[in-house]
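Asker:
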DNA sequence: GAGCACTGC
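Right, here's the structure in full:
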């Protein structure tokens with residue numbers, strides 16, 4: 001299955017209800033399998049891999065939109081080449097009818113959004129009933145908004161028509177009046193003919209009627225547009241008439257025109273004060289449209305809250321300061337457990353520590369161990385963190401508490417920055433950094449204690465570390481291992497580490513009220529906005545800010561505009577509501593906005609992605625609105641495609657989000673899903689990254705650590721076997737592994753680079769083509785991802801033009817990236833140049849850091865830094881040396897197909913070659929969005945493939961006279 | 001002519 005392989009329960013996570021695979025469905029699936037098998041055999045299909053093929057056929061049939069589509073797939077792959085076409089199409093129709101379309105996999109649900117949307121239009125939407133497209137709510141929101149817009153336009157049209165009719169009426173009356181006057185003037189009535197007289201009478205009657213109508217309107221106290229005073233008599237404004245309205249009430253107070261009275265009334269009602277300070281006290285509650293009802297479901301208990309007042313008071317005297325620091329340390333929830341903890345560490349080699357954030361475990365435990373003498377024999381205490389900033393901050397805090405200089409006894413080590421020295425005994429680092437250290441020191445000899453912090457986050461590196469440290473611990477009984485986690489998942493960690501004891505430390509958190517919706521919500525973006533306004537209007541003013549969790553930039557922008565629009569509509573009876581968007585791609589200076597203190601009397605509403613769940617903490621949040629969704633990256637090892645899916649979060653994630661509201665005082669969390677959904681539809685934990693990512697890099701690392709049997713490596717959660725095999729296969733093709741699965745010389749070199757193996761191979765190969773300088777620039781630029789170019793909505797054309805400058809001569813995206821880097825370098829890394837060319841400075845600086853690091857590694861590996869600026873062929877050949885499996889050939893329909901594992905793809909529109917469509921290309925990555933897109937594409941000559949990768953391509957593979965028939969085994973690959 | 005959750009080495 002494409003999105004989340006190897007784990008049945010992990011499929012179809014994109015909706016709340018359809019990911020549960022019931023017994024019936026399993027039975028049905030089995031029936032289907034048998035049926036397909038029989039059908040295949042009756043068609044004369046007989047192969048040793050029939051079991052696998054059945055699975056592929058079923059998967060393909062779920063993916064196709066019509067039986068015709070499916071039949072075409074069959075024909076395309078050539079698997080039924082010996083069969084009659086009509087029988088094949090009949091087979092396709094039968095199987096299509098049988099496949100339960102509800103069970104289609106996530107990735108393809110995206111494609112069906114539109115169709116599902118239409119089908120659902122008539123249905124009353126409830127979350128529990130919705131079994132096909134809960135994650136399409138965003139799409140629905142957009143559609144609903146377009147409908148609203150349409151209605152608005154219709155309304156405007158109507159109004160303008162009314163306006164026009166009114167004007168036309170006036171004009172006509174004017175004309176008739178003129179006519180009457182003229183006719184009466186020029187001719188005597190009796191000189192007119194009968195019909196002319198009749199017409200004149202008729203006209204007079206009309207004028208009378210109109211005058212009467214106006215008069216009656218005034219009587220009826222209907223508001224009428226005042227007579228124009230600027231009727232340009234003689235070309236100027238009729239001042240007298242203009243001011244007569246305003247001065248009349250001074251002249252005669254008794255006689256007030258109805259219109260004036262109305263105006264006065266309006267003025268009295270209106271509040272002319274703006275801003276929250278002057279607002280009138282609210283005597284009534286706001287009632288919103290589509291108000292959402294919540295039910296209080298639970299209270300997340302506080303764990304031993306003890307607020308430490310005036311904690312941060314600075315004191316000048318150093319002795320006072322020191323004792324103050326010590327007092328602070330004693331005040332942490334962990335302090336009473338110090339002795340028990342030290343005893344536990346002494347008694348057991350591995351210890352699982354469970355503690356909420358704020359318990360002080362990260363800063364205190366290493367210090368306790370240090371004080372207890374665990375560093376005496378020259379061993380270090382290492383503590384890993386999933387994030388760079390965390391490692392830096394914690395190290396700074398601990399060095400302050402220990403009153404030593406950062407980098408001396410206490411230090412940190414992160415990529416591009418090693419702030420440690422020989423004296424360092426407490427070392428904080430990112431988990432990836434410790435992983436890299438394994439390459440130098442596979443037994444971690446210089447450490448006496450390793451603490452893996454935030455283990456519950458289950459990052460890729462942490463998961464690999466688990467297996468490695470567990471192994472090391474067995475070989476080194478003197479090494480102490482601490483695994484610290486914040487969730488209830490401790491049992492699982494304990495089981496994994498051979499029933500290690502669990503040590504619990506209370507955290508410091510305030511109670512949080514959890515509210516769930518009474519009924520399921522159709523549009524969570526809209527519901528989140530309504531809830532935020534509900535909170536803002538009904539909860540005491542100035543008591544805390546609101547944090548809304550959304551899935552991405554687009555949703556954040558929509559929500560922001562809706563809030564702004566609605567708050568305008570509510571007028572001034574409501575306090576100010578400041579919106580603060582935050583997501584990782586937001587420019588840094590705009591990100592800073594969320595940390596600004598909220599002005600008096602106003603309230604802040606932070607619209608955040610998952611970034612606010614773990615990566616950053618915002619003070620003053622009292623209310624959390626949890627939409628229950630997030631974007632999750634999925635990798636399909638069969639096709640090598642990556643995609644981002646909107647999926648429901650896990651219970652652990654939901655609790656983490658709720659916890660963001662109780663940091664500084666009691667909080668409230670509003671979940672936009674029912675308690676039933678929470679209990680029954682959410683998974684306990686998010687699928688660990690290791691099960692949904694490309695493992696090539698990890699496999700290479702483990703191989704270089706001498707792990708032979710990767711398939712039986714002791715993972716806490718096993719990655720899909722398919723993904724492991726795919727990674728091994730790739731490494732073999734790249735020449736990093738030999739036939740026995742052992743690391744080759746090339747592989748050893750590749751493992752040194754902190755890059756994807758294909759990029760590493762490209763660099764290693766550049767030695768041969770004498771262009772390593774260019775290649776490491778390209779590798780660095782590719783590593784920063786697709787955030788190099790900046791394309792603001794209002795200046796897209798200029799940005800595109802700037803981008804095209806790097807594409808002159810259709811050199812391809814790789815070379816274009818090289819040009820960007822070199823041009824930036826030529827301007828001495830100018831920020832101004834970046835602005836002018838719509839390039840993100842942040843990304844460029846990262847690219848420069850990566851390039852510097854790669855340059856250092858080249859030196860260590862003895863690869864010369866050579867430059868051959870004008871030999872693009874050499875550069876392209878180096879690229880192909882790493883990316884030859886990504887070579888693709890143009891098809892008749894304008895799409896591309898890879899040579900060995902037929903996988904179709906299209907050149908991404910952002911590519912410089914998207915209009916050129918060369919016959920042969922090599923791509924950097926394949927992503928699945930609305931289609932399979934190849935990102936970062938460069939043209940190549942097919943003969944280069946044979947030259948660079950003769951073990952992979954033969955001349956017949958790249959000949960242009962392509963035979964339609966493909967071998968069966970290969971043809972099937974396109975199903976996946 | 002498209003759509004960029006979040007990290008990390």
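Numbering (the UniProt record's numbering), first residue to last: 1 to 976.
Where a beta carbon is used, it is the ideal one built from N, C-alpha and C, also for glycine.
Alpha carbon to alpha carbon, what distance is there between residue 460 and residue 718?
Answerer: Cα-Cα distance, rounded: 12 Å.
Asker: Residue ranges of each beta strand (DSSP E) run of no fewer than 3 residues wholly in the stretch 906-970, ordered along the chain?
Answerer: 920-928, 932-939, all fully within the stretch 906-970.
Asker: Out of 391, 452, 338, 714, state which residue places its alpha-carbon closest to the alpha-carbon of residue 371.
Answerer: The shortest C-alpha separation from residue 371 is found at 338.
Asker: Just tell me which of 602, 653, 641 has its CA closest to the CA of residue 611.
Answerer: Nearest option by C-alpha distance: 653.
Asker: Using C-beta distances below 6 Å, list every residue in its chain close to residue 521, excluding the 5 sequence neighbours before and after it, in chain order.
Answerer: Contacts found: 527, 672.
Asker: How many angstroms separate the CA atom of residue 959 from the CA atom of residue 864?
Answerer: The alpha-carbon atoms of residue 959 and residue 864 are separated by roughly 35 Å.
Asker: Looking only at C-alpha atoms, which of 859, 841, 849, 814 sits nearest to residue 981?
Answerer: Summary: the structure shown does not reach residue 981, with the chain confined to residues 1 through 976, and so no result is reported for it.
Asker: Please check the pair residue 771 and residue 875, which I expect to be a contact at CB under 8 Å, by giving their CB distance rounded to whole angstroms.
Answerer: Residue 771 to residue 875, Cβ: 5 Å. Contact.
Asker: I'd like the span of the beta strand (DSSP E) that includes residue 834, first residue to last.
Answerer: Residue 834 -> not in any beta strand (DSSP E); alpha helix (DSSP H) instead, spanning 831-836.
Asker: Considering only DSSP beta bridges, list what residue 366 is partnered with.
Answerer: DSSP output for residue 366 lists no bridge partner at all.
Asker: Assuming residue 761 and residue 637 make a contact with CB atoms under 8 Å, what is their CB distance in whole Å?
Answerer: Actually they are not in contact, since the Cβ atoms of residue 761 and residue 637 sit about 19 Å apart, beyond 8 Å.
Asker: For the stretch 831-847 against the stretch 947-956, are there 3 or more C-beta pairs whose distance is under 8 Å?
Answerer: Segments in contact, no.
Asker: What are the residues that DSSP puts in a beta bridge with residue 385?
Answerer: Paired residues: 430.
Asker: Kindly list the residues whose CB is nearer than 6 Å to the CB of residue 791, restricted to its own chain and excluding five residues on each side of it in sequence; keep chain order.
Answerer: The residues are 799.
Asker: Here's the rule I'm using: 16 or more other beta-carbon atoms within 10 Å means buried, otherwise exposed. How should residue 440 be labelled?
Answerer: Exposed, since its Cβ has fewer than 16 Cβ neighbours within 10 Å.
Asker: Relative to the C-alpha of residue 487, which candidate in 617, 423, 355 has its C-alpha closest?
Answerer: Minimum Cα distance to residue 487 is reached at 355.
Asker: Where do the N-terminal and C-terminal ends of the beta strand (DSSP E) with residue 636 fall, by residue?
Answerer: It spans 629-636 - the beta strand (DSSP E) in which residue 636 sits, taken as one unbroken run.
Asker: Is it the case that the stretch 775-794 contacts the stretch 837-853, given that we only count it when at least three CB pairs across the two stretches are under 8 Å?
Answerer: Counting Cβ pairs under 8 Å, three or more are found: they touch.
Asker: Return the bridge partner residues of residue 485 from the DSSP annotation.
Answerer: Its beta-bridge partners are 354.
Asker: Could you pull the DSSP bridge partners for residue 642 from this structure?
Answerer: Paired residue(s): 635, 927.
Asker: Which runs of the beta strand (DSSP E), 3 residues or longer, sit entirely within the stretch 432-462?
Answerer: DSSP runs (the beta strand (DSSP E)) wholly in the stretch 432-462: 447-452.
Asker: Extract the residue ranges of the alpha helix (DSSP H) inside the stretch 535-621, only unbroken runs of 4 or more that lie entirely within it.
Answerer: Counting only runs of 4 or more, we get 553-569, 588-591, 611-614.
Asker: Classify residue 512 as helix, strand or coil using the three-state DSSP reduction.
Answerer: It is a strand residue.
Asker: If you draw a straight line from the alpha carbon of residue 294 to that of residue 345, how long is it in whole angstroms?
Answerer: Cα to Cα, the separation comes out at about 46 Å.
Asker: For residue 852, which residues does DSSP report across the bridge?
Answerer: For residue 852, which the question treats as bridged, DSSP gives no partner whatsoever.
Asker: List the endpoints of the continuous alpha helix (DSSP H) containing residue 89.
Answerer: From DSSP, the alpha helix (DSSP H) with residue 89 extends over 85-98.
Asker: Can you tell me which of 332, 658, 501 puts its alpha carbon nearest to the alpha carbon of residue 507?
Answerer: Of 332, 658, 501, the residue nearest in Cα terms is 332.
Asker: Nearest-angstrom Cα distance between residue 204 and residue 170?
Answerer: Using only the alpha carbons, I get a separation of about 15 Å.
Asker: Leaving out five residues before and five after residue 272 in sequence, what residues of the same chain have Cβ atoms less than 7 Å from its Cβ?
Answerer: Here residue 272 scores only 35 on pLDDT, less than 50, and its place in the model is too uncertain to base an answer on.
Asker: By alpha-carbon positions, which one of 634, 388, 514 ends up nearest to residue 723?
Answerer: Checked all of 634, 388, 514; the closest Cα to residue 723 is 634.
Asker: Going along the chain, which unbroken runs of the alpha helix (DSSP H) with 4 or more residues stay wholly within the stretch 750-799?
Answerer: Whole alpha helix (DSSP H) segments, 4+ residues: 757-769, 772-783.
Asker: Considering only residues of the same chain and omitting the five flanking positions on each side of residue 368, which have a CB-CB separation below 8 Å?
Answerer: Once the five neighbours on either side are set aside, the close Cβ partners of residue 368 are 338, 341, 342.
Asker: Say whether the stretch 600-614 touches the stretch 877-897, bearing in mind that this needs 3 or more beta-carbon pairs closer than 8 Å, one atom from each stretch.
Answerer: Short answer: they don't touch.
Asker: Would you report the Cα separation of residue 380 and residue 563, rounded to the nearest angstrom?
Answerer: Spanning the two alpha carbons is a distance of roughly 52 Å.
Asker: May I ask you to verify whether the stretch 448-456 touches the stretch 382-400, counting CB pairs closer than 8 Å and requiring at least 3?
Answerer: Touching, yes.
Asker: Nearest by alpha-carbon distance to residue 531: which of 554, 605, 596, 491 is it?
Answerer: Minimum Cα distance to residue 531 is reached at 605.
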